[in-house]
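Structure, as structure tokens:
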Amino acid sequence: MLSLGPNCPDVGSIHLVKNCRTHNKKPKYKFQICGRQFVETPTNKVISSETIILIYRFFLEKISLAGIARSTGVSQKWLQDYVNNKYASIERTVKVKPKKKVRLNVECDELWSFVDCQENKQWVWLAMDRETREIIGVYIGARSEEGAKQLWNYLPFVYRQCAVCYTDFWAAYACVFPSLRHQPVGKESGKTNHIERFNNTLRQRVFPIVITTISFSKKLENHIGAIWYFVHHDNYVLSE
Numbered sequence: 000m001l002s003l004g005p006n007c008p009d010v011g012s013i014h015l016v017k018n019c020r021t022h023n024k025k026p027k028y029k030f031q032i033c034g035r036q037f038v039e040t041p042t043n044k045v046i047s048s049e050t051i052i053l054i055y056r057f058f059l060e061k062i063s064l065a066g067i068a069r070s071t072g073v074s075q076k077w078l079q080d081y082v083n084n085k086y087a088s089i090e091r092t093v094k095v096k097p098k099k100k101v102r103l104n105v106e107c108d109e110l111w112s113f114v115d116c117q118e119n120k121q122w123v124w125l126a127m128d129r130e131t132r133e134i135i136g137v138y139i140g141a142r143s144e145e146g147a148k149q150l151w152n153y154l155p156f157v158y159r160q161c162a163v164c165y166t167d168f169w170a171a172y173a174c175v176f177p178s179l180r181h182q183p184v185g186k187e188s189g190k191t192n193h194i195e196r197f198n199n200t201l202r203q204r205v206f207p208i209v210i211t212t213i214s215f216s217k218k219l220e221n222h223i224g225a226i227w228y229f230v231h232h233d234n235y236v237l238s239e
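Residue 0 is where the sequence shown starts when you use numbering that gives the first Met the number 0, and the numbers rise one by one after that.
Written out as structure tokens, the structure reads:
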């Protein structure tokens, strides 16, 4: 038994024992009476605001969390906790410029992705204003009628009232979108070129949106958060 080190602030005990080691091999101690644990010489690192800004920028590039941790010098555990909190707090609604009640043109498409394993498919449904290039609707889920319904419900009211939505011939769109607001087209028409280009950008810039790689999401909440984070950033850049 040791009798060294600080007194426990709870009960004033100085009786402590060794209690394994931390993940970085530092010895841990525990006060016998209250069970409080501590490291004798903690080296908690304060993350600077400059590093946080750099991490934000890395979120917008196709870099894994392990790569971000190596590049910024933060621990992977701290970064994972930070990412979990960040993505959980991201708003799940779009912010678009006010539109007049005139004819609007919308391009819609679906992008395949997965979480944890390729069998757990998560389709990214997106809608884009053709004129402004703003993303005006987002839904992540199944490629089903329910997915098309959720995308339609995400569209701002002025678009549901005035827009013509150009989509591919996936049957779910026709089941949900009102006929006056829906126009299925082929790729040769060029009327979905912009949203298809955005899908390609999304796959190139957001690391969870992959086909085959080790850098994929293992948590659905983070997968959705990463997509929304990029969408908000892209709309913000367009608004400047």
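Just so you know, even glycine gets a beta-carbon here, dropped at the ideal spot from N, CA and C.
Item                                                                                                                              : Value
Alpha carbon of residue 170 to alpha carbon of residue 197, nearest angstrom                                                      : 22 Å
Contact check, residue 125 vs residue 137, beta carbons under 7 Å                                                                 : yes
4-residue-minimum alpha helix (DSSP H) runs that sit fully inside the segment 118-168, ordered along the chain                    : 144-153, 156-161
CB contact check: residue 53 to chain D, cutoff 7 Å                                                                               : Absence of chain D from the displayed structure is noted, only one protein chain being present.
Residue 327 to residue 144 span [Cα, whole Å]                                                                                     : With the chain covering only 0 through 239, there is no way to say anything about residue 327.
Three-way DSSP call (helix, strand, coil) for residue 197 in this model                                                           : helix
Buried or exposed (CB count within 10 angstroms, at least 16 for buried), residue 191                                             : buried
Chain-order list of residues whose beta-carbon lies under 8 Å from that of residue 122 (same chain, five-residue window excluded) : 109, 110, 111, 112, 139, 140, 141, 142, 146
Assigned secondary structure, residue 233 (DSSP; H/G/I helix, E/B strand, else coil)                                              : helix
Whole-number beta carbon distance between residue 93 and residue 199, since they are thought to touch under 8 Å                   : In fact, because the Cβ distance is near 20 Å, the residues do not count as touching under 8 Å.
Residue 133 vs residue 237 beta-carbon contact at 7 Å                                                                             : yes
Cβ shell of residue 161 (< 7 Å), same chain only, five flanking positions each side left out                                      : 100, 101, 102, 103
Boundaries of the beta strand (DSSP E) in which residue 108 is found, first to last residue                                       : 103-110
Residue environment, residue 221, which counts as buried when at least 16 other CB atoms sit within 10 Å                          : buried
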